[in-house]
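J.: Protein sequence lines, in the order shown, are assigned to chains A and B. For the first sequence, the UniProt record's numbering assigns the number 1 to the initial residue and increments by one for each residue that follows. For the second sequence, the UniProt record's numbering assigns the number 1 to the initial residue and increments by one for each residue that follows.
There are 2 protein chains.
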Amino acid sequence: MAIRKEKFTMIKVAAQNNIKADKIDEFIAIAKNLVAETRKYDAGCVRYELLQDVKNPQLLTMLEEWDDQEALNNHLLSQHFKDAMATFAGYLEKPGEINLYKTLA
Amino acid sequence: MAIRKEKFTMIKVAAQNNIKADKIDEFIAIAKNLVAETRKYDAGCVRYELLQDVKNPQLLTMLEEWDDQEALNNHLLSQHFKDAMATFAGYLEKPGEINLYKTLA
Numbered sequence: 001m002a003i004r005k006e007k008f009t010m011i012k013v014a015a016q017n018n019i020k021a022d023k024i025d026e027f028i029a030i031a032k033n034l035v036a037e038t039r040k041y042d043a044g045c046v047r048y049e050l051l052q053d054v055k056n057p058q059l060l061t062m063l064e065e066w067d068d069q070e071a072l073n074n075h076l077l078s079q080h081f082k083d084a085m086a087t088f089a090g091y092l093e094k095p096g097e098i099n100l101y102k103t104l105a
Numbered sequence: 001m002a003i004r005k006e007k008f009t010m011i012k013v014a015a016q017n018n019i020k021a022d023k024i025d026e027f028i029a030i031a032k033n034l035v036a037e038t039r040k041y042d043a044g045c046v047r048y049e050l051l052q053d054v055k056n057p058q059l060l061t062m063l064e065e066w067d068d069q070e071a072l073n074n075h076l077l078s079q080h081f082k083d084a085m086a087t088f089a090g091y092l093e094k095p096g097e098i099n100l101y102k103t104l105a
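#1: With DSSP as the reference, please indicate the residues paired to A71 of chain B in a beta bridge.
#2: Where do the ends of the alpha helix (DSSP H) carrying D25 of chain B lie?
#3: State the CB to CB distance for the pair L34 of chain A and Y101 of chain B, rounded to an integer number of angstroms; the pair is presumed to be in contact (CB under 8 Å).
#4: Using the three-state DSSP reduction, which class does A105 of chain A fall into: helix, strand or coil?
#5: Compute the beta-carbon to beta-carbon distance between T61 of chain A and N99 of chain A, rounded to the nearest angstrom, for a pair I have assumed lies under 8 Å.
#6: Between which two residues does the beta strand (DSSP E) holding M10 of chain B run?
#7: Can you tell which of A:L92, A:L63 and A:W66 has the C-alpha that lies nearest to the C-alpha of D25 of chain A?
#8: When DSSP labels each residue in this structure, what does Y96 of chain A get in the three-state scheme?
#9: Between the C-alpha atoms of G90 of chain A and K32 of chain A, what's the straight-line distance to the nearest angstrom?
#10: At 7 Å on the CB atoms, spell out the chain B contacts of E49 of chain A, in chain order.
#11: Output yes if chain B places a C-beta closer than 8 Å to the C-beta of D53 of chain A; else output no.
#12: Does L77 of chain A pass the burial test, meaning 16 or more other C-beta atoms within 10 Å, or should it be called exposed?
#13: Looking only at C-alpha atoms, which of B:H80, B:A43 and B:D53 sits nearest to W66 of chain B?
#14: Once you ignore the five residues that flank K20 of chain B on each side, which residues in its own chain have a CB closer than 8 Å to its CB?
#15: Just grab the DSSP bridge partners of N17 of chain A for me.
#16: Name the DSSP bridge partner or partners of L77 of chain B?
#17: Applying the 10 Å Cβ sphere with the 16-neighbour rule, what's the burial state of A36 of chain B?
#18: How would you label E64 of chain B, buried or exposed, when you count the other beta carbons within 10 angstroms and need 16 or more for buried?
#19: Which residues does DSSP pair with D53 of chain B in a beta bridge?
#20: Which residues in the same chain have their Cβ closer than 8 Å to the Cβ of M10 of chain A, if we skip the five residues on either side of it in sequence?
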């Protein structure tokens, strides 16, 4: 019996950030740079997007898709991610919410 | 000067549903059917997915992408959407959260 390759497991992330009104432009500039660096350097990144709520411009969400948990973990350890998070900490109006998802359909 | 076509406006939706623990399987079955009918019938639907939080199986999120607000509005008026929502009302543990997003990067 042949050895079967482990099942491919996509993981999706929605990370909601509630940003101070006077820090929105700065957040967006740094987040756009984070998006560009993540897409360029981080293996296993399928999708990495910066979204803004149409009714509440202070709600800025990263929508992500990774090949697997290991790829996501490596992203969280990357210098560009850690640098961005250190800056974002001062921009938060209230704690955000991070959800990790599997796709059912 | 040539008339320029109106800018294409994609809209993304994250609709979080908090489902009663004993209704998860029923919700998933109906939501999968809703996904299939939406993909098959609703014009302007780019992406329509059913996601489940990996740590909290009661959090079931629809992740959507529409050509524009009109396409989303037509989906909300469709019979398959209204039928599913009528059923889901009895499955909710607490009110969900719906966010409409534009893409910045």
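Quick reminder that beta carbons are idealized off the backbone N, C-alpha and C, glycines included.
T.: In brief:
#1: BP columns for A71 of chain B are empty, so no partner.
#2: Counting along the chain, the alpha helix (DSSP H) containing D25 of chain B begins and ends at I24 to Y41.
#3: Contact between L34 of chain A and Y101 of chain B fails: their C-beta atoms lie close to 17 Å from each other, not under 8 Å.
#4: Per DSSP, reduced to three states, the secondary structure at A105 of chain A is coil, with no helix or strand assignment.
#5: Contact flag wrong, Cβ pair sits at about 10 Å.
#6: Segment: none, M10 of chain B is in no beta strand (DSSP E) and carries neither H nor E.
#7: Among A:L92, A:L63 and A:W66, the Cα nearest to that of D25 of chain A is on A:L92.
#8: The identity of residue 96 of chain A in the sequence shown is Gly, whereas the question assumes Tyr. Note: G96 of chain A maps to strand in three-state DSSP.
#9: Spanning the two alpha carbons is a distance of roughly 17 Å.
#10: Against E49 of chain A, the close residues of chain B are T103 and A105, in the order they occur along the chain (beta-carbon pairs closer than 7 Å).
#11: Contacts with chain B at 8 Å (Cβ-Cβ) include D53 of chain A.
#12: By the 10 Å Cβ count, L77 of chain A comes out exposed.
#13: Taking the Cα of W66 of chain B as reference, the smallest distance to any Cα among B:H80, B:A43 and B:D53 is reached at B:A43.
#14: Counting only Cβ-Cβ distances below 8 Å, and skipping sequence neighbours, we find Q58, Y91, L92 and E93.
#15: DSSP output for N17 of chain A lists A:L60 as bridge partner(s).
#16: The partner list for L77 of chain B (beta bridge, DSSP) is empty, contrary to what the question assumes.
#17: With fewer than 16 other beta carbons inside 10 angstroms of its own, A36 of chain B counts as exposed.
#18: Residue environment analysis places E64 of chain B among the buried positions, since at least 16 neighbouring C-beta atoms fall within 10 angstroms of its C-beta.
#19: Note: D53 of chain B sits in a beta bridge opposite A:Y101.
#20: If you ignore the 5 residues before and after M10 of chain A, its C-beta comes within less than 8 Å of the C-beta of V46, E65, W66, D67, D68, K102 and T103, all in its own chain and listed in chain order.
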